[in-house]
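Numbering (our numbering), first residue to last: 18 to 173.
What follows is one structure encoded as C-alpha cells, with my remarks underneath.
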C-alpha cells in the first residue's frame, strides 16, 4: 500500500508545497519542519521504524541549515550596509571638490578638459560631478587644481 507523498516519484517541491524560485524549493521554517517531522513519526512503518540516530541526524541537519540561512541573511545585510557606506563616503569625499577646478578625461574623445565643480550627486551607484554644466563620473577626474588656481589663471 502506497501512502501519498512518499513514493520515489513524488518530488520534494510537491511535498513541501514549493511554488518555485531559483532552486525550486520554498523556504521551510522551523515550524514547518517540525510538522513534517511529527508526520513522519506518525506515518512510519511500525515493523521497520526509523532509527533514533536518523531522527537526530535530521534535526541536526535542519539546525545547521537554519543557522546557515541566518548567517547568509546577516552577510547580505552587511553587504548592503557596506555598499551604502561606500556611496556615502563617495558623496562626502566628492563634496569637498565643489567650487574647485578639476581636470577630467572625456571618455568619448579621450581629451582632457578643465572646469569648475558645481555639484555632486550619486547616479547609478557612482559619484558624478557636475562640471561646467556636464555630468562627469568621479573616476574620470585626473587632477584637482583647487579654487585658487582658477582665480590666479584669470588674474594673470
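We treat Cβ as the ideally placed atom computed from N, Cα and C, and that holds for glycine.
Since this is a predicted model, take the numbers as computed values, not measurements.
Residue i to residue j, Cα distance in whole Å?
i: residue 142; j: residue 128; result: 25 angstroms
i: residue 61; j: residue 67; result: 7 angstroms
i: residue 55; j: residue 49; result: 10 angstroms
i: residue 152; j: residue 146; result: 6 angstroms
i: residue 158; j: residue 78; result: 53 angstroms
i: residue 59; j: residue 86; result: 28 angstroms
i: residue 63; j: residue 95; result: 49 angstroms
i: residue 104; j: residue 81; result: 35 angstroms
i: residue 65; j: residue 57; result: 13 angstroms
i: residue 14; j: residue 101; result: With the chain running from 18 to 173 in the structure shown, residue 14 is simply not present.
i: residue 126; j: residue 97; result: 35 angstroms
i: residue 88; j: residue 110; result: 32 angstroms
i: residue 91; j: residue 75; result: 24 angstroms
i: residue 53; j: residue 69; result: 16 angstroms
i: residue 154; j: residue 162; result: 17 angstroms
i: residue 116; j: residue 150; result: 13 angstroms
i: residue 51; j: residue 99; result: 36 angstroms
Taking buried to mean at least 16 other C-beta atoms within 10 Å of its own C-beta, is residue i buried or exposed?
i: residue 137; result: buried
i: residue 112; result: exposed
i: residue 73; result: exposed
i: residue 114; result: buried
i: residue 41; result: In this prediction, residue 41 scores a pLDDT of 48, lower than 50, which makes its location untrustworthy; the coordinate-derived value is nonetheless stated afterwards. With fewer than 16 other Cβ atoms within 10 Å, it is exposed.
Is the Cβ-Cβ distance between residue i and residue j less than 8 angstroms?
i: residue 134; j: residue 160; result: no
i: residue 156; j: residue 107; result: no
Report the CB separation of residue i from residue j in whole angstroms; it is logged as a contact under 8 angstroms.
i: residue 207; j: residue 139; result: Summary: the structure shown does not reach residue 207, with the chain confined to residues 18 through 173, and so no result is reported for it.
i: residue 123; j: residue 131; result: Rounded, the Cβ-Cβ distance is 11 angstroms, inconsistent with contact.
i: residue 47; j: residue 83; result: 6 angstroms
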